[in-house]
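Since the structure comes first, as structure tokens, the remarks are kept for the end.
Residue numbers (the working numbering): 43 to 288.
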């Protein structure tokens, strides 16, 4: 799969913030995939106590949502651990995995923020722009913005507002009675379409199947490496509290 080379990765935190502000203007907040044969999910497991990052990309068929390809690996995370800038810590590993894919996804789900980010450029926007495919940010927790309760039943949602009253995402109930997820535009898709696709790819679980499978895959990789992590605060597991916002 082709990966765009838009910028260097050896940046200071101040330079990374400036780059996010610049690249946010390039994100396309409309459209969506015309025909979907394959959907992909990504997950990265990192630690505050180690430079090692484990990453995985899982490609599923659609509408069957059966796994057709997995790519995973570990690498040194060279950028410091800074919430809001974790794309610079995690994306380089993911790009290497995408470059090896045989099945190019038509739609990508990222376990993290898209436009629902202080600078409108979370990890889902970063990946979407570099891969140039429709991308959805579907986070388990809120990084930025305010919202009302979306309602109890699956399919209900509420707008997520920034400090100026602009809608930057939607808070979506994917399963009756469970905590909602935070959906926002990554790239090349409108917000309403992002919500529809999130529900279409969420089965009996709170988390969309592409990112759920990616999480399971990365957890297995990390376990097989002999590294189980050093505490709950460094995990982004399904059903766990998320302490890392991207």
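The beta-carbon is built from N, C-alpha and C at its ideal position, and this holds for glycine as well.
Query                                                                                                                                                                                    : Result
Kindly indicate which three-state DSSP category residue 212 falls into: helix, strand or coil?                                                                                           : strand
Whole angstroms are fine: how far does the CA of residue 140 sit from the CA of residue 84?                                                                                              : 10 Å
What three-state label does DSSP hand residue 98 in the structure shown?                                                                                                                 : strand
Return the CA-CA distance between residue 224 and residue 192, expressed in angstroms with no decimal places.                                                                            : 11 Å
Got a sec? Which residues, its chain only, sit under 7 Å from residue 195 by beta carbon, not counting five neighbours each side?                                                        : 215 and 218
Compare the Cα-Cα distances from residue 81 to each of 150, 114 and 231 and report the closest residue.                                                                                  : 150
Once DSSP output is grouped into helix, strand and coil, what is the label at residue 220?                                                                                               : coil
Report the three-state DSSP secondary structure of residue 56 (helix, strand or coil).                                                                                                   : helix
Using a Cβ-Cβ cut-off of 7 Å (strictly less than) and excluding sequence neighbours within five positions of residue 252, which residues of its own chain qualify?                       : 81, 82, 83, 100, 102, 151 and 243
Do residue 239 and residue 134 count as a contact pair if the criterion is CB distance below 8 Å?                                                                                        : no
How far does the beta strand (DSSP E) with residue 181 in it extend, from its first residue to its last?                                                                                 : 177-181
Would you say residue 188 reaches chain D, if we count a Cβ-Cβ gap shorter than 8 Å as a contact?                                                                                        : Note that chain D does not occur in the displayed structure, where there is just one protein chain.
Under 8 Å by Cβ, that's how I've got residue 45 and residue 157 pegged, so tell me the actual separation to the nearest angstrom.                                                        : That belief does not hold up - the Cβ atoms of residue 45 and residue 157 are roughly 21 Å apart, past 8 Å.
Can we say the stretch 249-268 touches the stretch 102-112, given the rule of at least three CB pairs closer than 8 Å?                                                                   : yes
Does DSSP classify residue 252 as helix, strand or coil?                                                                                                                                 : helix
Just to confirm my understanding: we take residue 181, look at its own chain, exclude 5 residues before and 5 after, and list those with CB closer than 6 Å. What are they?              : 154, 155 and 224
What's the gap between the Cα of residue 212 and the Cα of residue 221?                                                                                                                  : 13 Å
Which value, in whole angstroms, describes the spacing of the CA atoms of residue 62 and residue 178?                                                                                    : 17 Å
Might you give, ordered along the chain, the residues of its own chain that have their beta carbon closer than 7 Å to the beta carbon of residue 49, omitting 5 neighbours on each side? : 61
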